[in-house]
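Contents: one structure, followed by commentary.
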Amino acid sequence: VASYEGEVAVENALGRSRLADYRAVPSCVFTQPEIAGVGITEKAAKESGIPHKVSKFPFAACGRAVAMDETMGMVKVICNAENGRVLGMHIMGPHASDLIAEGVLAIQLGATAKDIAHTIHAHPTLPEAVLEAAMGQLEGSIHFRRM
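Taking the UniProt record's numbering, the leading residue of the sequence shown gets 1, the next gets one more, and so forth.
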């Protein structure tokens, strides 16, 4: 957040009017595996009475994670049950601090799980885990069947 606020401050100092926008602020923990999140949690959605749907996709079902031998963890997506908008994304696994950017962008732009699911992701890559978690909000992911 501090580096972002610095950019905003510099732009304003240079005469370019810009306000800080805190709608989507990611958090990252650089552990092994990494942990990252943005937006609300499943617990917060429940406590706030927000109608929501949760989908998860394990890295054990992601081809790139398997090839890297880093299969611990998952991607969790929390969406508004009424309109499909992404409310939160939480990741524990390889390169979570990099992967969370897609969740930040989704929340910032008001994107839905369908928007993510209908976006082409390179194959085989870790971002496909985000894609598959988003697909879980719809008809279901390709490489993982919900039990």
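Cβ atoms here follow ideal geometry from the backbone N, Cα and C, with glycine treated the same way.
Counting every other CB atom within 10 Å of its CB across the protein chains shown gives Thr31 a total below 16, marking it as exposed. Spatial neighbours of Ser97 in its own chain (CB-CB distance under 6 Å, excluding positions within 5 residues in sequence) are listed in chain order as Cys28, Glu34, Ala36.
An exposed status is given to Ser48, since fewer than 16 other beta-carbon atoms sit within 10 Å of its beta-carbon.
For the pair Ala24 and Val86, the Cα-to-Cα distance works out to about 11 Å. Exposure of His118 is indicated by the presence of fewer than 16 other C-beta atoms within 10 angstroms of its C-beta. Counted as a single uninterrupted DSSP element, the alpha helix (DSSP H) harbouring Pro127 occupies residues 127–135. Positions of the alpha helix (DSSP H) runs, each at least 4 residues long and wholly inside the stretch 15–100, are given as 42–48, 63–68 in order along the chain. Contact fails between the stretch 61–71 and the stretch 5–14, because fewer than three Cβ pairs, one in each stretch, are under 8 Å apart. Short of 8 Å from the beta carbon of His52, and not among the five residues preceding or following it, lie these beta carbons of its own chain, in chain order: Glu42, Ala45, Lys46, Ile78, Cys79, Asn80, Ala81, Leu87. Distances from the CA of Leu131 to each of Ala20, Lys56, Asn83, Ser3 were compared; the closest alpha carbon is that of Lys56. With a contact defined as Cβ atoms closer than 8 Å, Val1 and Gly103 miss out at about 16 Å. With a 10 Å radius around the Cβ and a threshold of 16 neighbouring Cβ atoms, His123 comes out exposed. For Thr71, the CB contacts under 6 Å within the same chain, skipping 5 residues up- and downstream, are Phe59, Ala60, Ala65 in chain order.
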